[in-house]
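Numbering (UniProt numbering), first residue to last: 1 to 199.
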C-alpha cells in the first residue's frame, strides 16, 4: 500500500495555538486526520516541526520531523518524501491535518490519474488547487530543493517543477477540501460534523 503522511507542522497562528491539538467533536484534529489516512494507505506518519506538537501520538502512527533545513509546507513535504524513500516506496500520499472532510476516493483517484511522466497528482476543485492534498513521487524531492534554492516556499511551485497532474473534483466537493484555519472555521466544522452524523 501507499504510505500516507499528514502535514501537521504549522504553527497555527490564526488558530491561536497548535492546530493538531484543537478539538473537533471532542477529538483532536490530528486524530480525525489519522482516521482518514488509514482508509487511504499504510503505513501512516505525521510530519511535525517538533515531537511536542502531538504529545499523545497513537501507537501505530509514525512521527517524522519536518526537514530542519526548510521552512513551511516544504519542510513537511521533504520529510514525507524522505520517509517514503527510507521505506523503499516510490510515492507517498500527503494530506493536511486541518482538512477533516476529504473525499473517501482521494487516494484512489490520485493514483489512477497520476501520469507516468508526472512527479505528482494534485487535488483540485473548479478554480482552486489543493496542493497539500497530493500523491507525490519520491523523485519530486529534487523539485522541493529547487523551489527552496530559488527562495520560494510554495507547494504549487514544487508541483509546477514536478509537472504535476491536476485531478479535479466537481464543484459540489469544494467543501470536502475546506481547511480549518480560524476558531470560526472550527465552529463551522463542528456544525458540519453534527449535520453529517444526523444523516
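In this text, a Cβ means the ideal position worked out from N, Cα and C, and glycines have one as well. A quick note: this is a predicted structure, and the numbers were derived from the prediction, not measured.
Could you please give the first and the last residue of the uninterrupted alpha helix (DSSP H) stretch that includes residue i?
| i | result |
| --- | --- |
| residue 109 | 106 to 113 |
| residue 70 | That residue, residue 70, is in no alpha helix (DSSP H); it is neither H nor E in DSSP. |
| residue 37 | 29 to 40 |
| residue 91 | It is not in any alpha helix (DSSP H) - residue 91 instead sits in the beta strand (DSSP E) that spans 91 to 96. |
| residue 160 | 155 to 161 |
With 16 other CB atoms within 10 Å as the buried threshold, where does residue i fall?
| i | result |
| --- | --- |
| residue 36 | buried |
| residue 182 | exposed |
| residue 140 | buried |
| residue 47 | buried |
| residue 19 | buried |
| residue 152 | exposed |
| residue 118 | buried |
| residue 98 | buried |
When you compare the CB positions of residue i and residue j, do they come within less than 8 Å of one another, or not?
| i | j | result |
| --- | --- | --- |
| residue 96 | residue 110 | no |
| residue 156 | residue 116 | no |
| residue 5 | residue 45 | yes |
| residue 3 | residue 84 | yes |
| residue 59 | residue 176 | no |
| residue 178 | residue 101 | yes |
Mapping DSSP to helix, strand and coil, what is residue i?
| i | result |
| --- | --- |
| residue 83 | helix |
| residue 166 | strand |
| residue 180 | coil |
| residue 128 | strand |
| residue 20 | helix |
| residue 144 | helix |
| residue 61 | coil |
| residue 102 | coil |
| residue 171 | helix |
| residue 78 | helix |
| residue 150 | coil |
So, for residue i: in the same chain, excluding its five sequence neighbours on each side, which residues have a beta-carbon less than 6 Å away from its beta-carbon?
| i | result |
| --- | --- |
| residue 169 | 125 |
| residue 67 | 75, 78, 79 |
| residue 195 | none |
Can you list, in chain order, the residues of its chain whose CB lies under 7 Å from that of residue i, leaving out five sequence neighbours each side?
| i | result |
| --- | --- |
| residue 114 | 121, 135, 165 |
| residue 154 | 147 |
If I follow the unbroken beta strand (DSSP E) through residue i, where does it start and stop?
| i | result |
| --- | --- |
| residue 4 | 4 to 7 |
| residue 138 | Premise fails: residue 138 is in no beta strand (DSSP E) and is neither H nor E. |
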